[in-house]
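Enquirer:
In UniProt numbering, the protein residues as written are 1 to 213.
#1: Just to confirm, is the Cβ distance from residue 204 to residue 139 under 8 angstroms?
#2: What are the uninterrupted segments assigned as beta strand (DSSP E) that are 3 or more residues long and contained completely in the UniProt domain "PhoU" (17-104), given in chain order?
#3: Looking only at its own chain, which residues have a Cβ that is under 6 angstroms from the Cβ of residue 161, when we skip the five neighbours before and after it?
#4: DSSP state of residue 169, grouped into three classes?
#5: If I measure Cβ to Cβ from residue 164 and keep anything under 6 angstroms in the same chain, skipping five residues before and after, which residues do I get?
#6: For residue 175, which three-state DSSP category applies?
#7: Measure the alpha-carbon distance for residue 167 versus residue 45 and round it to whole angstroms.
#8: Going by other Cβ atoms of all chains shown within 10 Å of its Cβ, with 16 needed for buried, is residue 36 buried or exposed?
#9: Starting from residue 134, follow the alpha helix (DSSP H) in both directions and report where the run begins and ends.
#10: Using alpha carbons as the reference points, say which of 60, 76, 68, 172 lies closest to residue 91.
#11: By Cβ distance, which residues of its chain are closer than 6 angstroms to residue 198, with the 5 residues on each side in sequence left out?
#12: For a test of the three-state rule: what should DSSP assign to residue 108, helix, strand or coil?
#13: Should residue 66 be labelled buried (16 or more other beta-carbon atoms within 10 Å of its own) or exposed?
#14: Candidates 54, 7, 183: which alpha carbon is nearest residue 104's?
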């Protein structure tokens, strides 16, 4: 019976890995579309939103079904519930990437990010990709040490977010209110993407070690 539960939980874990890969690739494409003002790539990102939603439903349904049919207790119940939490955060990450892509579409054919901010957003995209890559590896390899590193890695995104607002609020900002609002919203999407990545890291540590602190 215990072996059957673990086999079904492994299926949920496999779906989570696929979700994490999709959330990573979606933000990677969204960042490319943002920096290059690529309408086609932005459209591809929005189309992938449905894919991530389907994966979320699959992971959630499998986990709930596992709880309902197997009626696990203690450690097994914790793993099933934590898997649902991981899926929810990965879904949010995908959704935030879609927000970035929609900003590109909304401003097309003009760029959604002004040249004065392009370098900052390129750096944000690199940090976001690194965080998502660690999630994929931590989930695939059941690596709690790697998952725990996400908390520290998020500091780089926080630093970039602070730099962004320093530029936007500078009295020398030359691009006007509309460009500043666009920049602030886009920065928030990346900052929240990183926050959700950290949440996933905490959940993965809990899945592997049983520790929630």
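We put the beta carbon where it would ideally sit given N, CA and C, even for glycine.
Quick caveat, the model's predicted, so the values are computed rather than measured.
Expert: So, to answer that:
#1: yes
#2: none
#3: 187, 191
#4: coil
#5: 120, 187
#6: coil
#7: 28 angstroms
#8: exposed
#9: 115-141
#10: 60
#11: 150, 151, 154
#12: coil
#13: buried
#14: 183
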